[in-house]
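Asker: Could you have a look at this structure, given as structure tokens, before my questions?
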Amino acid sequence: MKVLKFGGTSVGSAERIREVASLITDGEPKIVVLSAMAGTTNTLVEIADSLYHNEKQRALDIIQNLEITYYITVTELFETEAYIQKGKEFIQTIFTYLRSFINKDFYPLQEKAVVAQGEIMSTTLMHYFLEECGIANTLLSALEYMRIDKDCEPDYFYIEQNLRRELAKPEVCPLVITQGFICRNAYGEIDNLKRGGSDYSAALIGAALRVEEIQIWTDIDGVHNNDPRVVAGTKAIRRLSFDEAAELAYFGAKILHPSSVQPAKKENIPVRLKNTLCPEDEGTLITRESPAKNIKAVAAKSGITAIKIKSTNMLLAYGFLRKVFEVFEAWKTSIDMIATSEVAVSLTIDSMEYLDDILRDLEKYGTVEVDRGMAIVCIVGDFSANKEGLGAQILDALAEVPIRMISYGGSEHNISVLVREEDKKKAMTDLSRNLLDLQH
Ligand code: ADP
Ligand code: ASP
Ligand code: MG
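In case it helps, this note's numbering puts the sequence shown at residues 34 to 473.
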């Protein structure tokens, strides 16, 4: 059994839905995880935002425009009048539901129920389309088995129990269609796995069922050695280890949700990235070991804040770092990079939510300086061999970029540098030109 996940672009139009249908109907049993059609989740977020700010007319306008695009998709997708009708009736129930919020108070949590409609629509349309083509398939609601706990972490036990129970029902076909991204929380409410979360859904399903392979089908031929949206001439990487892929995902490679590698790594399930637009392309295979031990790729994460705490004692007494870390723990904010000297410690965070509280608490231990608008540029590979000159090569490649912090040696898979946001593009481009391009 395999799990195949198709992203927003892959199901972004009637034509693309038909293409995906042809890729999943080879007769092999599989679970197909779908994202919302491209652009839908953003639009649903806008609708929720308008409802939250009580901008009723704006919400109604956006709802109407989205509804029209779905009616068009329905008429383009189905052949028969019966299915066009069935599709339209289904779309109507979704949009009636969205409009039902207009004259009610809107609570932040309801945003989750609104954005969930994107995946509910794409999967239902796919289910009906396969049905119309005479292909037996089961539409399984992710809300029946996908769940996060009180800390917003996947509830592995619940997911496995409920997924296996649902799949064991006698009426379930070997071809199962289900939603990515959406889940329930510890209180049973509709929630989600955060933006880009369909990759995570696929990995969680794959891990729960110990499948032979998890496939992530998207709009590019695999993980590239740098961000193709920022740097020209990037190339696909054919093999990566789980650790390398996890570092890339965490440090900004949008192609994979930041947490999506963990469940696959835990159960040692290969993850294959494939291009829906070019299915014969080999893509990228992620496994426990990756054959090449060298620098593989560069990724970057924006929106970083650097905080420097200078100890008032002028010496970092033992216990000082513990006190500093406790502040971040208390405010549930994770630290990405850290560098220490005898008198100061610098670290970075990617969430500004509790920044003021954190700064207030840190001031008890020393003077605090803050740099906003920073970016982490991360060089990923297997650095367990050929370490000679590695640091020098990286710093040479970045000779023209002002660097605020460096993290080297934290793991054998990641070397990170902190730069100002406006220097990020140059840092990424120079690393490609001076480091990656020379390797091939
Ligand atoms: P999907 O909707 O299929 O989940 P995403 O848009 O989330 O697709 O991810 C695919 C996109 O990720 C690519 O189109 C590309 O622009 C972007 N991307 C960023 N970094 C990388 C990278 N290192 N390799 C490949 N794609 C990347
Ligand atoms: N539809 C969701 C999003 O746009 C989840 C996903 O595409 O992975 O974030
Ligand atoms: Mg994605």
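Don't be surprised by glycine CBs; every beta carbon is placed ideally from N, CA and C.
Classify Ser335 as buried or exposed, calling it buried when 16 or more other Cβ atoms lie within 10 Å of its own Cβ.
Answerer: Ser335 should be labelled exposed.
Asker: Where does His473 land, buried or exposed, given buried means 16+ other C-beta within 10 angstroms?
Answerer: Only weak support exists for where His473 lies, its pLDDT of 49 falling under 50; the value from the coordinates is given anyway. Exposed, by the Cβ-count rule.
Asker: Determine which residues share a DSSP beta bridge with Gln97 and list them.
Answerer: None, per the DSSP bridge assignment.
Asker: Tell me whether Phe128 counts as near ligand 1, meaning its Cβ is closer than 8 Å to at least one heavy atom of that ligand.
Answerer: No; taking the cut-off as 8 Å, the Cβ of Phe128 has no heavy atom of ligand 1 nearer than that.
Asker: Is Ser68 close to ligand 3? I mean its beta-carbon at under 8 Å from any heavy atom of the ligand.
Answerer: yes
Asker: Classify Leu318 as helix, strand or coil using the three-state DSSP reduction.
Answerer: strand
Asker: Would DSSP call Ile340 helix, strand or coil?
Answerer: Residue state, collapsed to three classes: strand.
Asker: Could you check the C-alpha separation between Ala71 and Gly45 for me, to the nearest Å?
Answerer: 5 Å
Asker: On the three-state DSSP scale, how would you describe Asn259?
Answerer: In the three-state DSSP reduction, Asn259 falls in the coil class, being neither helix nor strand.
Asker: Could you compute how far the alpha carbon of Ala5 sits from the alpha carbon of Pro296?
Answerer: Beyond the ends of the chain as shown, which are 34 and 473, falls residue 5; an answer cannot be given.
Asker: Check the DSSP bridge columns for Gly41 and list the partner residues they point to.
Answerer: Gly41 is not bridged to any residue.
Asker: Should Leu29 be listed as close to ligand 1, given that the test is whether its C-beta is under 8 Å from any heavy atom?
Answerer: Outside the shown range of the chain (34 to 473) lies residue 29, about which nothing can therefore be said.
Asker: Starting from Ala240, trace the alpha helix (DSSP H) in both directions and tell me its first and last residue.
Answerer: 231-242
Asker: Going by the C-beta, is Glu204 closer than 8 Å to any heavy atom of ligand 2?
Answerer: Flag unset: Cβ of Glu204 not near ligand 2.
Asker: Would Phe378 and Phe353 qualify as a contact pair, given that the criterion is a beta-carbon distance under 9 Å?
Answerer: Phe is not the amino acid found at residue 378; the sequence shown has Val there. Yes.
Asker: With distances taken between CB atoms, is the gap from Val263 to Ala350 smaller than 9 Å?
Answerer: no
Asker: Exposed or buried, Gln212, counting other C-beta atoms within 10 Å across all chains shown (16 or more means buried)?
Answerer: Answer is buried; the Cβ neighbour count reaches 16.
Asker: Using the three-state DSSP reduction, which class does Leu184 fall into: helix, strand or coil?
Answerer: First, the amino acid is wrong: residue 184 is Asp here, not Leu. Three-state result, Asp184: coil.
Asker: Could you check whether the segment 201-221 touches the segment 156-169, counting it as contact only if at least three pairs of C-beta atoms, one from each stretch, sit closer than 8 Å?
Answerer: yes
Asker: Can you list, in chain order, the residues of its chain whose CB lies under 7 Å from that of Asp463, leaving out five sequence neighbours each side?
Answerer: Ala430, Leu431, Glu433, Val434
Asker: Look at Thr74 and Leu99 and say whether their C-beta atoms are less than 9 Å apart.
Answerer: no
Asker: Helix, strand or coil for Tyr220, going by three-state DSSP, please let me know.
Answerer: coil
Asker: Would DSSP call Glu165 helix, strand or coil?
Answerer: helix
Asker: Pull every residue with its beta-carbon under 6 Å away from any heavy atom of ligand 3, and keep them in chain order.
Answerer: The set, ordered by position in the chain, is Gly40, Gly229, Asp232.
Asker: Only counting the same chain, and skipping five residues up and downstream in sequence, which positions put a Cβ closer than 7 Å to that of Leu310?
Answerer: Asp252
Asker: For ligand 1, is there any heavy atom lying closer than 8 Å to the beta carbon of Ala236?
Answerer: no
Asker: Does the segment 54-72 touch the segment 159-171, meaning 3 or more C-beta pairs lie closer than 8 Å?
Answerer: yes
Asker: Return helix, strand or coil for Leu200, following the three-state DSSP convention.
Answerer: Reduced to three states, the DSSP call for Leu200 is helix.
Asker: Chain B beta carbons: is any one of them nearer than 9 Å to that of Asp463?
Answerer: Absence of chain B from the displayed structure is noted, only one protein chain being present.
Asker: With three or more C-beta pairs closer than 8 Å as the rule, is the segment 408-415 touching the segment 240-255?
Answerer: no
Asker: Could you check if Asn225 is buried or exposed, using at least 16 other CB atoms within 10 Å of its CB as the buried criterion?
Answerer: buried
Asker: Quick check: does the Cβ of Ala286 come within less than 8 Å of any heavy atom belonging to ligand 1?
Answerer: yes
Asker: Looking at Glu79 and ligand 2, is the gap between the Cβ and the nearest heavy atom below 8 Å?
Answerer: Result no, Cβ not under 8 Å from ligand 2.
Asker: Are the CB atoms of Ile371 and Ala417 within a distance shorter than 9 Å?
Answerer: The question names Ala, yet the displayed sequence has Ser at residue 417. In this structure, Ser417 sits away from Ile371, with a CB-CB distance that is not shorter than 9 Å.
Asker: Ignoring anything shorter than 4 residues, give me the alpha helix (DSSP H) runs that lie fully in the segment 128-178, in order along the chain.
Answerer: 143-148, 150-165
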